[in-house]
Amino acid sequence: MASAAMPTVPLPAAPAATAPAVPPDLAALRGEVVALRRDLHAHPELGFQERRTAAEVARRLQALGLEVKTGVAKTGVVGLLRGDHPGPTVLLRADMDALPLQEDNAVPYASTIPGVMHACGHDAHTAILAGAAHALVARRQRLHGNVKFVFQPAEESPGGALPMIQEGVLEDPHVDAAFGLHVWSDLPVGRVGVRAGPLLACADKFELAILGKGGHGAAPHQTVDPIVTAAQVILALQTVASRLVDPLQPVVLSVGSIHGGQAFNIIPNKVTLLGTLRAFDRELVRALPGRIEEIVRGITAAAGATYEWKYTSYYPPTVNDREMAALVRRAAEAVVTPAGIVDHLQTLGGEDMSFFLERVPGCFFFVGCNNPAKGIVHPHHSGLFDLDEDALPIGLSILVGAVEDFLKAR
Ligand SMILES: [Zn+2]
Ligand SMILES: [Zn+2]
Numbered sequence: 034m035a036s037a038a039m040p041t042v043p044l045p046a047a048p049a050a051t052a053p054a055v056p057p058d059l060a061a062l063r064g065e066v067v068a069l070r071r072d073l074h075a076h077p078e079l080g081f082q083e084r085r086t087a088a089e090v091a092r093r094l095q096a097l098g099l100e101v102k103t104g105v106a107k108t109g110v111v112g113l114l115r116g117d118h119p120g121p122t123v124l125l126r127a128d129m130d131a132l133p134l135q136e137d138n139a140v141p142y143a144s145t146i147p148g149v150m151h152a153c154g155h156d157a158h159t160a161i162l163a164g165a166a167h168a169l170v171a172r173r174q175r176l177h178g179n180v181k182f183v184f185q186p187a188e189e190s191p192g193g194a195l196p197m198i199q200e201g202v203l204e205d206p207h208v209d210a211a212f213g214l215h216v217w218s219d220l221p222v223g224r225v226g227v228r229a230g231p232l233l234a235c236a237d238k239f240e241l242a243i244l245g246k247g248g249h250g251a252a253p254h255q256t257v258d259p260i261v262t263a264a265q266v267i268l269a270l271q272t273v274a275s276r277l278v279d280p281l282q283p284v285v286l287s288v289g290s291i292h293g294g295q296a297f298n299i300i301p302n303k304v305t306l307l308g309t310l311r312a313f314d315r316e317l318v319r320a321l322p323g324r325i326e327e328i329v330r331g332i333t334a335a336a337g338a339t340y341e342w343k344y345t346s347y348y349p350p351t352v353n354d355r356e357m358a359a360l361v362r363r364a365a366e367a368v369v370t371p372a373g374i375v376d377h378l379q380t381l382g383g384e385d386m387s388f389f390l391e392r393v394p395g396c397f398f399f400v401g402c403n404n405p406a407k408g409i410v411h412p413h414h415s416g417l418f419d420l421d422e423d424a425l426p427i428g429l430s431i432l433v434g435a436v437e438d439f440l441k442a443r
């Protein structure tokens with residue numbers, strides 16, 4: 034995930050005053066989880082190439098006695114734990130992929146693969162989830178239902194969640210709720226970001242070509258000028274967020290690229306534009322591309338130009354269910370106290386956890402991982418990104434707590 038916290042209300046800068054309350058049996062797993070995270074960090078793999086990571090995860094799940102499926106959406110792994118009592122099924126998800134980036138950290142567990150790095154913390158997610166599997170197997174007599182541990186490929190791109198769903202990960206047994214976490218470099222360790230409703234945005238792309246008729250810069254009346262038309266389109270697109278959408282709805286439309294023309298005295302035939310649309314509301318994301326194209330159509334028609342339009346949807350907004358967010362919040366409060374909870378953190382980055390949360394109620398949450406006192410201050414997707422490993426038992430404890438709450442006797 035890309036980091037782009039909304040700074041309207043400042044985030045806490047310091048770790049919580051109280052030490053996190055990690056239950057002793059989960060604290061005992063810390064060494065195992067840290068060791069796995071460091072091993073994965075030293076051996077990062079890009080999306081759909083997570084073969085070593087998947088083999089390591091599968092080996093651990095099999096050793097725990099889970100029913101394990103490998104090769105789901107190429108490199109995904111699914112482990113199923115059946116609790117001692119019948120009941121619903123909860124899915125826990127971690128992403129396994131690294132980024133095409135050179136690591137600049139000089140730590141003992143630094144990447145051994147040139148140009149590939151776990152710079153988003155997915156090594157931590159995978160290690161936490163493997164640790165949660167270990168913990169929940171040991172606690173299975175408390176579970177009234179099943180836990181499906183989903184290790185997905187390729188979150189950074191092009192997305193492993195949707196192909197896993199298409200290959201049936203939400204069935205057999207049918208999944209009733211889904212939880213996942215992201216370590217978060219904008220939050221200090223000991224803080225947890227959890228909220229109901231939209232958490233991350235869609236991150237869509239549009240490509241637009243405005244087709245006019247070129248000619249001499251001295252005789253514009255003999256041309257259809259795509260540059261002036263493109264200028265009008267760009268300005269009109271600014272009204273999408275400001276005039277078409279409820280002002281209480283965050284929407285961003287940015288034009289990031291414009292190309293056309295080569296000489297000072299020639300009006301060109303064509304101008305091409307690239308842009309992105311980001312929003313939190315699923316309905317809006319469905320409706321807006323059509324409205325944007327109407328603006329383009331009207332302005333180009335008035336100019337006597339034509340256009341080519343291509344809109345590409347990537348990940349949908351990540352939206353948390355109210356009840357499931359409340360459940361995660363209770364689990365998080367038990368670990369970091371109510372003072373450790375941050376409930377206003379949202380980002381216009383995207384996440385393919387969204388595909389799970391479109392289909393089943395659930396909650397995705399942020400586990401703080403920066404620590405200025407230890408020099409751990411660099412953002413996600415930086416060659417200097419690292420995380421305070423104290424975040425690992427915190428994330429693990431919250432996942433285990435959420436599962437036990439969801440699968441308690443009713
Ligand atoms: Zn990322
Ligand atoms: Zn990420």
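Each residue of the sequence shown is one higher than the one before, counting from 34 in this note's numbering. Yeah, the Cβ is synthetic: ideal placement off N, Cα and C, and Gly gets one too. This one's a predicted model, so the numbers in the text were calculated from it and none came from an experiment.
Query                                                                                                                                                                                                 : Result
Please state the DSSP three-state secondary structure of Pro45.                                                                                                                                       : coil
Just how far apart, CA to CA, sit His118 and Asn179?                                                                                                                                                  : 9 Å
How would you call Ile243, buried or exposed, if buried means at least 16 neighbouring beta carbons within 10 angstroms?                                                                              : buried
Under 8 Å: do the segment 58 to 71 and the segment 414 to 434 share three or more Cβ pairs, one atom per stretch?                                                                                     : yes
Between Ile277 and the rest of its own chain, which residues show a CB-CB distance below 7 Å, the 5 nearest in sequence each way excluded?                                                            : A small correction: the amino acid at residue 277 is Leu; Ile does not occupy that position in the sequence shown. If we look at Leu277 and ignore the five residues flanking it on each side, its Cβ neighbours are Arg324.
Could you tell me which uninterrupted alpha helix (DSSP H) segments, each at least 4 residues in length, are contained entirely in the segment 131 to 185, listed from first to last along the chain? : 155 to 171
How should Pro301 be labelled, buried or exposed, when 16 other C-beta atoms within 10 angstroms of its C-beta is the threshold for buried?                                                           : buried
Is any non-hydrogen atom of ligand 1 found closer than 7 Å to the C-beta of His292, if you look at the structure I gave you?                                                                          : no
What three-state label does DSSP hand Thr103 in the structure shown?                                                                                                                                  : strand
If contacts are defined as beta-carbon pairs under 8 Å, then Leu114 and Leu162 qualify, I think. What distance do you get, rounded to the angstrom?                                                   : No, Leu114 and Leu162 are not in contact; Cβ-Cβ is about 12 Å, not under 8 Å.
Since Val183 and Pro77 are thought to touch, with beta carbons under 8 Å apart, how far apart are those beta carbons, to the nearest angstrom?                                                        : That belief does not hold up - the Cβ atoms of Val183 and Pro77 are roughly 20 Å apart, past 8 Å.
Rounding to the nearest angstrom, what Cα-Cα distance links Phe313 and Ala234 in this structure?                                                                                                      : 5 Å
Based on Cα-Cα distance, which residue from Val273, Leu125 and Ile146 lies nearest to Gly434?                                                                                                         : Leu125
Taking just the CA atoms, how far does Gly289 sit from Glu437?                                                                                                                                        : 46 Å
Counting only the same chain and skipping the five closest in sequence on each side, list residues whose C-beta sits under 8 Å from that of Leu94.                                                    : Val101, Val110, Gly112, Ala163, Ala166 and Phe182
At a cut-off of 7 Å, would you count Cys153 as near ligand 2, judging by its Cβ distance to the nearest heavy atom?                                                                                   : yes
Could you check whether the segment 404 to 420 touches the segment 333 to 350, counting it as contact only if at least three pairs of C-beta atoms, one from each stretch, sit closer than 8 Å?       : no
What is the residue span of the beta strand (DSSP E) that Ala312 lies within?                                                                                                                         : Lys303 to Ala312
For Ile427, which of helix, strand or coil comes out of DSSP?                                                                                                                                         : helix
Can you find the residues in the same chain that come closer than 6 Å, C-beta to C-beta, to Ala38, ignoring five residues on each side of it along the sequence?                                      : Residue confidence is low: Ala38 scores 46 on pLDDT, short of 50, so the model does not pin down where it sits. No coordinate-derived value is stated.
Can you list, in chain order, the residues of its chain whose CB lies under 8 Å from that of Pro45, leaving out five sequence neighbours each side?                                                   : Leu220, Pro221, Arg224 and Val375
My output table needs one value for Leu270: the three-state DSSP class, helix, strand or coil.                                                                                                        : helix
Evaluate the contact criterion for the segment 187 to 201 versus the segment 353 to 370: three or more CB pairs, one atom per stretch, below 8 Å.                                                     : no
Got a sec, what are the start and stop residues for the beta strand (DSSP E) Ala372 sits in?                                                                                                          : Where Ala372 is concerned, there is no enclosing beta strand (DSSP E), given that its DSSP letter is neither H nor E.
Apart from the five residues on each side of it in sequence, which residues of its chain come closer than 8 Å, Cβ to Cβ, to Gly294?                                                                   : Ile260, Ile300, Pro301 and Val304
Would you mind sorting Gly104 into buried or exposed? The rule is 16 or more other CB atoms within 10 Å of its CB.                                                                                    : exposed
Does the distance from the CB of His177 to the CB of Gly120 come in under 8 Å?                                                                                                                        : yes
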